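What follows is one structure encoded as structure tokens, with my remarks underneath.
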Amino acid sequence: MLDPQILRNDLEQTATRLKHRGYDLDVTHWQSLEQQRKTVQIETESLQNKRTTISKSIGKAKAAGEDVQPLLDEVAAIGDTLDASKEQLKAIQAEMELVTLYTPNLAHESVPVGKDEDDNVEVRQWGEPKSFDFEVKDHVALGERRQGLDAESAANLSGSRFTLLTGEMAQLHRALAQFMLDQHTTHHGYKEYYVPYLVNAQTMQGSGQLPKFADDAFITEDERYLIPTAEVPLTNLVADTILEEAELPIKMTAHTPCFRREAGSYGKDTRGMIRQHQFEKVEMVQVVHPDHSFDALEEMTGHAEAILQALELPYRVMVLCSGDMGFSATKTYDIEVWLPAQKTYREISSCSNCVDFQARRMKARFRSPEVKKPQWVHTLNGSGLAVGRTLIAVLENYQQKDGCVLVPEALQGYMGGKTVINVA
RNA sequence: GGAGAGUUGGCCGAGAGGCUGAAGGCGCUCCCCUGCUAAGGGAGUAUGGGUUAAUCACUCAUCGAGGGUUCGAAUCCCUCACUCUCCGCCA
Numbered sequence: 144m145l146d147p148q149i150l151r152n153d154l155e156q157t158a159t160r161l162k163h164r165g166y167d168l169d170v171t172h173w174q175s176l177e178q179q180r181k182t183v184q185i186e187t188e189s190l191q192n193k194r195t196t197i198s199k200s201i202g203k204a205k206a207a208g209e210d211v212q213p214l215l216d217e218v219a220a221i222g223d224t225l226d227a228s229k230e231q232l233k234a235i236q237a238e239m240e241l242v243t244l245y246t247p248n249l250a251h252e253s254v255p256v257g258k259d260e261d262d263n264v265e266v267r268q269w270g271e272p273k274s275f276d277f278e279v280k281d282h283v284a285l286g287e288r289r290q291g292l293d294a295e296s297a298a299n300l301s302g303s304r305f306t307l308l309t310g311e312m313a314q315l316h317r318a319l320a321q322f323m324l325d326q327h328t329t330h331h332g333y334k335e336y337y338v339p340y341l342v343n344a345q346t347m348q349g350s351g352q353l354p355k356f357a358d359d360a361f362i363t364e365d366e367r368y369l370i371p372t373a374e375v376p377l378t379n380l381v382a383d384t385i386l387e388e389a390e391l392p393i394k395m396t397a398h399t400p401c402f403r404r405e406a407g408s409y410g411k412d413t414r415g416m417i418r419q420h421q422f423e424k425v426e427m428v429q430v431v432h433p434d435h436s437f438d439a440l441e442e443m444t445g446h447a448e449a450i451l452q453a454l455e456l457p458y459r460v461m462v463l464c465s466g467d468m469g470f471s472a473t474k475t476y477d478i479e480v481w482l483p484a485q486k487t488y489r490e491i492s493s494c495s496n497c498v499d500f501q502a503r504r505m506k507a508r509f510r511s512p513e514v515k516k517p518q519w520v521h522t523l524n525g526s527g528l529a530v531g532r533t534l535i536a537v538l539e540n541y542q543q544k545d546g547c548v549l550v551p552e553a554l555q556g557y558m559g560g561k562t563v564i565n566v567a
């Protein structure tokens, strides 16, 4: 949720900045709502005040044994007008709330203005894409051996966009998640959480998935949502709370499955396990003091990078342009890992600073000794990393001519000492 | 799934139709006293919104959420959510 003050005081500029994000704010509509709101609210509140005043005097008059009938007559006249005024105010406020709930965050000044992913800007690269002296296979081809990656069985069980892993593939997948969690908890200062995978609508709204993106999520019959990312439960842990400044920063990590409908991505990434309805992710979330959120974003991106560096997987870091960012973010770095079979970099992590956008939706605040009023915290989230995609990256980057796959040194301890898998 | 109890400010806790935005305590802030420490005395201390250039100003809302009764609701009624206890079931 944007600061209502900037919509009131700086409407034109805000509309322009929203346009950079591909969002058209109906300025005239908003202005008219705002104007109506003001008139009706003042009217309602003054009627309310009048009624309360008279009601109180009725109490006093009764206690004094006076005749209250004249006062009752007077207050009766207010009733209908007040009710009508209240209804009107409610309707206006509901409409304004809807607009604010559907309005994305503003892009930070440091974010390049652009339309889509083609306008994202590379920030840095790490590692050299390895050259192979043989024809490289993609992860699907590599996974066919020993049926380690069995798309057909998954399709039979559940439909398209599901994956079944067996044997060493499943073990490697598990090893990756364990390794990531351990890195974040022992080296990067995050506390590990185990969280619910089903959340209510309120929680989904707090982090920005609802109401606008209802179609992207799976919903249960009793109206709970399967989490699309652990960001949702983790971030909402501070919903409706006033923290002490000393409690900040809060750094949380969790390994969870993520569920996404992937509505509107028909035909995209249909081969292999790049885009799935269900995938594993290790997520990082930080709740920080507003002065430090941009530093925290750099730090958190570094934490995700550290995983790739430990796995010796080449990657590049992109800063997303205004038009390509997610709804709640003010600035996002995508980390893209090198996939030799596609001869391209593919997203494996996304780290975002949401500043006070989610905090306002969730009512997450903190109190500092210097400032009397509670202030909004800033929230950040980042993948560290998407486990399925990391598996793909390991398979493709560590493949050998004969189709077996070397186990990255950092993972060997998690693989029972194995140095190579997928041997024919 | 069944039966019962509960949900009040940062925390604990009173409150039973008007004088309650809410006693009291804890915590916190400021002041006084006390040669350290402990203790004592006084004052202050909810959140959100609106009006305003801004406020020491005025005002509205909020006692789990949403409805209702009433001139007036933390207090009465209804629905829902959550917590706790007991029973049942279950990994």
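Heads up: the first sequence begins at 144 in the working numbering, then just goes up one per residue. Beta carbons: idealized from backbone N, C-alpha and C, even for Gly. Please read all numbers here as calculations on a predicted model, not as lab measurements.
In this structure, what does DSSP give as the bridge partners for residue i?
| i | result |
| --- | --- |
| I494 | In the sequence as displayed, the identity of residue 494 is Cys instead of Ile. Looking at the DSSP assignment, C494 forms a beta bridge with Y476 and G525. |
| F509 | L386 and Q518 |
| E265 | M461 |
| V563 | L549 |
| L568 | Shown here, the chain extends from 144 to 567; a query on residue 568 therefore has no answer. |
| I362 | Y368 |
If I follow the unbroken beta strand (DSSP E) through residue i, where does it start and stop?
| i | result |
| --- | --- |
| R504 | Not the beta strand (DSSP E): R504 falls in the alpha helix (DSSP H), residues F500 to M505. |
| F402 | I393 to F402 |
| L456 | Premise fails: L456 is in no beta strand (DSSP E) and is neither H nor E. |
| E387 | T384 to E387 |
| F422 | Q421 to V431 |
| E335 | K334 to Y336 |
Could you say which of the options lies nearest to residue i if we only look at CA atoms?
| i | options | result |
| --- | --- | --- |
| G527 | V462, A449, S465 and I185 | A449 |
| L332 | A484, K474, A447 and E552 | First, the amino acid is wrong: residue 332 is Gly here, not Leu. Ranking the options by Cα distance to G332, first place goes to A447. |
| G407 | E426, A357, Q485 and A507 | A357 |
| L380 | A397, A389 and R367 | A397 |
| R503 | E490, C494, P433 and M558 | P433 |
| E426 | Q321, G349 and V283 | Q321 |
| L190 | A158, S228, S436 and G208 | S228 |
| E265 | G556, E479, T522 and Y541 | E479 |
| T475 | E252, N343, E513 and K355 | E252 |
| P339 | L391, P371 and F275 | P371 |
| H516 | K334, R508 and T522 | Checking the displayed sequence, the identity of residue 516 turns out to be Lys instead of His. Answer by Cα proximity: R508. |
| L249 | L168, V279 and M312 | L168 |
| M395 | R160, A360 and V431 | V431 |
| I568 | K273, F500, S436 and R317 | Within the shown structure, residues of the chain are numbered from 144 to 567, placing residue 568 beyond reach of any answer. |
| E298 | Y245, Y557, Q419 and D438 | Going by the sequence as given, residue 298 is Ala instead of Glu. The residue with the shortest Cα to Cα distance from A298 is Q419. |
| G466 | Q429, V254 and C494 | V254 |
| L523 | E177, I185, T399 and G469 | G469 |
| P247 | V548, I235, Y166 and L292 | Y166 |
| N496 | E374, K205, K506 and S511 | E374 |
| D383 | Q429, D545, M505 and I362 | M505 |
| E186 | A389, A313, Q542 and L225 | L225 |
| R404 | E441, M443 and A360 | A360 |
| L140 | L214, I221 and T399 | Lying outside 144 to 567, the shown extent of the chain, residue 140 is not represented and no answer is given. |
Span of the alpha helix (DSSP H) holding residue i?
| i | result |
| --- | --- |
| I450 | S436 to A453 |
| Q352 | From DSSP, Q352 is part of no alpha helix (DSSP H); its letter is neither H nor E. |
| I185 | V170 to A206 |
| H163 | L154 to H163 |
| N540 | V530 to N540 |
| S228 | Q212 to Y245 |
| V375 | E374 to T378 |
query = Would you call the segment 296 to 310 and the segment 413 to 428 touching, i.e. three or more CB-CB distances under 8 Å?
reply = Yes: the two stretches touch, three or more of their Cβ pairs being nearer than 8 Å.
- [ ] Evaluate the contact criterion for the segment 480 to 495 versus the segment 324 to 331: three or more CB pairs, one atom per stretch, below 8 Å.
- [x] no
Quiz item: With a cut-off of 8 Å, do at least 3 Cβ pairs link the segment 192 to 199 to the segment 231 to 241?
Solution: no
| said: Taking contact to mean 3 or more Cβ pairs, one atom from each stretch, closer than 8 Å, check whether the segment 342 to 360 and the segment 375 to 393 are in contact. | reply: yes
Contained beta strand (DSSP E) runs [length at least 3] in the segment 270 to 346, N- to C-terminal order
334 to 336
Within 8 Å, do at least three Cβ pairs link the segment 449 to 462 to the segment 550 to 561? yes
State whether the segment 529 to 536 contacts the segment 459 to 467, with contact taken as three or more CB pairs (one from each stretch) at a distance under 8 Å. no
Measuring CB atoms only, is the segment 538 to 550 touching the segment 281 to 288, in the sense that at least three cross pairs come out at less than 8 Å?
Output reads yes: the segment 281 to 288 touches the segment 538 to 550.
Check your understanding: Are the segment 258 to 276 and the segment 218 to 237 touching by the rule of at least three beta carbon pairs closer than 8 Å?
Key -> no
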